[in-house]
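Under this note's numbering, the first residue of the sequence shown is numbered 1, with each subsequent residue one higher.
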Amino acid sequence: MKFILLIFATVIFFSCGSNEKTEPMKKSSEIKDVVFTDVTTESGIDFVHYNGAFGKKYFPETNGAGGGWLDYNGDGWQDVLLIQGSSWPSNPGEKPTLKLYRNNGNGTFVDATIDAGLDVSVYGMGMAAADYDNDGDTDVFITCVGENLFFRNDKGRFTEVGLEAGLADPAWGASAMFFDYDKDGWLDLFVCNYVKWSEETDLECSLDGKNKGYCTPEIYEGEPSKLYRNLGDGTFEDVTASAGVYSDEGKALGVAMLDFNSDGWLDIAVANDTQPDFLFENLGRGEDGVVRFKEVGLFSGFALDEGGKARAGMGIDVGMVDTSGEETIFVGNFSNEMIGVYRDLGNGSFVDRAAVSQIGNPSLLYLTFGLLLFDYDLDFDLDLLGVNGHVQPGIESIQQAVRYKQSALLFNNNGEGRFTNVSDRAGEALTNSVVGRGVAYADYDRDGDQDILLTVNNGPAVLLGNDLIRGKILTNVLRVRLEGTTVNKDGIGAVVRATVDGRRMDQMVKTGSSYLSQSELTITIATPNGKIDALEVAWPNGDFEEINDAEPGMEILIKQGSGISTKQRFSKSDSTSVSH
């Protein structure tokens with residue numbers, strides 16, 4: 001990803017850096033076999049999603065739900081939040097609640113839902129978590145079929161304040177993203193809304209021409225997504241129209257942040273279902289003091305596939321996957337559409353590289369919901385994981401090559417944006433056929449590699465442990481957390497640039513991405529030879545820092561303006577804290 005630059009000196013620095021003649025060390029062509037192991041039962045996570053289905057085939061039953069990672073109690077260990085469905089008003093029955101699992105720090109979790117005040121029953125969809133009030137606690141926003149919820153965190157105890165905060169929209173919400181679009185130091189919120197639906201307006205659809213089946217979104221009217229500006233007093237203002245992001249043509253399911261034109265203002269990429277995808281360019285602050293966006297999806301080449309057709313977009317993620325210095329947007333689509341791979345050409349335009357990336361054909365028959373970029377094999381480039389599952393039970397009877405339950409797809413990046421499908425080399429636990437929906441990563445056991453949380457529609461959530469370094473002392477990875485002082489506390493929107501063996505990687509601290517889910521905010525930097533050439537941070541307000549004393553084999557916290565404030569070494573058992 002490109003750096004967020006506001007001051008001339010920083011621009012000159014990065015311009016010179018990006019044109020260096022140093023020959024980068026070539027990446028080894030050998031692909032490590034990394035196995036993911038199902039550790040759900042032994043970890044203590046026993047969550048089963050309930051979609052409320054009772055034979056009516058209501059449209060929302062096919063779509064949810066997600067989950068993700070957050071450190072809700074500030075103990076340094078990533079906890080798990082899983083979003084739950086519910087029974088429909090016309091069929092009173094089960095009313096399960098959200099589930100929060102506290103990380104015990106020993107590979108296990110305990111159900112902390114009631115103690116934390118999250119024992120709430122709603123027809124939930126997705127989540128986003130961040131410190132919206134800069135008080136040091138991670139707050140949680142939940143999208144729903146019906147009124148959205150917002151939980152303020154006060155030292156590990158949550159209070160629902162959606163209505164008073166101005167976020168209790170009754171529309172059908174999907175993915176959500178905290179980010180500071182106007183750079184005032186307070187996190188704003190973008191919420192994907194899907195279609196206008198209720199039990200009373202549910203329509204009849206059929207897969208076989210005889211029996212009712214689940215509808216597709218074409219027959220429903222789209223619901224405009226929302227942008228909320230954080231006023232800094234605990235409340236938000238709906239600025240959807242005034243900020244230029246209002247559209248009734250989208251049916252949004254996924255959202256990601258990026259800065260595709262390197263102007264220091266965060267842009268928004270939105271995956272729409274059966275409608276052109278959106279790319280909202282942030283135009284910055286106008287003469288009237290208002291920050292506005294311009295929708296440039298069609299103009300940029302991002303909105304449609306290479307044949308000029310809108311696809312059924314679900315999950316989305318953005319990252320630097322080659323040596324061009326530009327980012328690529330990945331979008332999970334419907335079966336027979338393949339995953340979209342849009343490379344930024346550096347001039348405000350994108351080209352779909354699904355075929356040349358070697359992701360297109362292997363993903364063609366899969367319906368991809370959750371999708372994320374992460375370095376699962378710690379070789380200093382971002383790989384791709386797609387979580388799949390169809391929306392129509394019995395699809396096999398209509399399309400013999402397509403399955404309702406589907407396996408995940410894991411693609412290994414060669415460092416140049418070309419990928420190899422290594423799904424069959426990653427272990428049975430990853431490739432079990434499920435009706436996959438959300439997916440998010442975190443180093444939950446703090447051994448340095450990234451583990452996976454996967455959600456299943458109307459089925460059990462799955463925790464997959466990354467076995468790359470299990471039982472070893474890690475010395476070839478650096479984990480970076482940020483703490484803002486004049487920017488938002490979480491450092492969301494900041495970019496961490498690492499140079500390792502002559503190769504460069506930019507990673508943005510972000511919420512959003514994937515589908516209905518959230519990954520950890522910590523940045524993982526692999527150092528295959530155990531050395532890091534340079535580490536730099538560009539903060540959202542234009543501040544720039546060079547970090548000179550970062551060492552692989554540990555997790556560090558960088559406090560804005562103060563460099564590394566804490567270090568913690570990895571070890572087989574308890575880590576040892578080192579003050580700085």
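Idealized CB from N, CA, C, for every residue including glycine.
Annotation for Leu-163: the continuous alpha helix (DSSP H) segment containing it runs 162–165. When Cβ pairs closer than 8 Å are counted between the two stretches, the region 517–529 is seen to touch the region 442–449, the count reaching three or more. Under the DSSP definition of a beta bridge, Ile-523 partners with Val-480. For Phe-260, the three-state secondary structure derived from DSSP is coil. The bridge partners DSSP lists for Ser-206 are Lys-212.
Excluding residues up to 5 positions away in sequence, Gly-107, Thr-108, Phe-109, Leu-463 lie with their Cβ nearer than 7 Å to the Cβ of Ser-43 in the same chain. For the pair Val-496 and Asp-533, the CB atoms are not nearer than the 9 Å cut-off. Assignment of beta-bridge partners to Ile-316 by DSSP yields Val-331, Ser-514. Remark: fewer than three beta-carbon pairs, one from each stretch, lie closer than 8 Å, so the region 162–170 and the region 203–212 are not flagged as touching. Check the Cα spacing between Phe-47 and each of Leu-454, Ala-550, Leu-557, Asp-549: the tightest is with Leu-454. Residue burial is scored here from C-beta neighbours: Asn-488 has at least 16 other C-beta atoms within 10 angstroms and is therefore classed as buried. In this chain, Phe-178 is not harboured by any alpha helix (DSSP H); it is covered by the beta strand (DSSP E) spanning 173–179. In this structure, the straight-line span from the alpha carbon of Asn-361 to that of Ala-355 is close to 7 Å. CA-to-CA, the gap between Thr-485 and Asn-73 works out to about 20 Å. For Phe-54, no alpha helix (DSSP H) run applies, since DSSP gives it neither H nor E. Rounded to the nearest angstrom, the Cβ distance from Leu-98 to Leu-81 is 7 Å, consistent with a contact under 8 Å. Here DSSP, grouped into helix, strand and coil, assigns Pro-362 to helix.
Pairwise C-beta distances place the region 339–355 out of contact with the region 282–292, as fewer than three of them are shorter than 8 Å. Bounds of the beta strand (DSSP E) holding Leu-372 are 368–374.
When DSSP states are grouped into helix, strand and coil, Ile-395 belongs to the helix group.
Taking 9 Å as the cut-off, the beta carbon of Asn-466 is found closer than this to the beta carbon of Asp-451. Inside the region 112–170, DSSP marks whole alpha helix (DSSP H) runs of 4 or more residues at positions 113–116, 162–165, from first to last along the chain. A check of alpha carbon separations from Thr-475 across Ser-87, Lys-32, Asp-33, Thr-524 identifies Thr-524 as the nearest. Counting along the chain, the unbroken beta strand (DSSP E) around Glu-237 starts and ends at 236–238.
DSSP places Ala-461 in no alpha helix (DSSP H); its state is neither H nor E. In the structure shown, Glu-428 adopts helical secondary structure according to DSSP, grouped into three states.
Non-local beta-carbon contacts of Ser-87 in its own chain, meaning distances under 6 Å to residues more than five positions away in sequence, involve Gly-52, Gly-93, Glu-94 in chain order. Here Thr-475 carries a coil assignment [DSSP, helix/strand/coil].
Distances from the alpha-carbon of Tyr-220 to those of Gly-232, Phe-236, Asn-193, Val-434 put Asn-193 closest. Cβ neighbours of Asn-134 within its own chain (closer than 6 Å, five residues either side excluded): Lys-489. Judged by beta-carbon spacing, Trp-77 lies within the 9 Å limit of Arg-446, meaning their Cβ atoms are closer than that value. Straight through space, the alpha carbons of Gly-370 and Leu-189 are spaced by roughly 20 Å.
For Phe-350 against Gly-319, the beta-carbon gap comes to about 14 Å, at or over 8 Å, which does not count as contact.
Going by beta carbons, Pro-170 and Glu-199 fall outside the 9 Å limit.
Per DSSP, Thr-37 is not a residue of any alpha helix (DSSP H); the beta strand (DSSP E) it occupies stretches across 36–38.
Distances from the alpha-carbon of Gly-427 to those of Arg-418, Leu-409, Asn-413 put Leu-409 closest.
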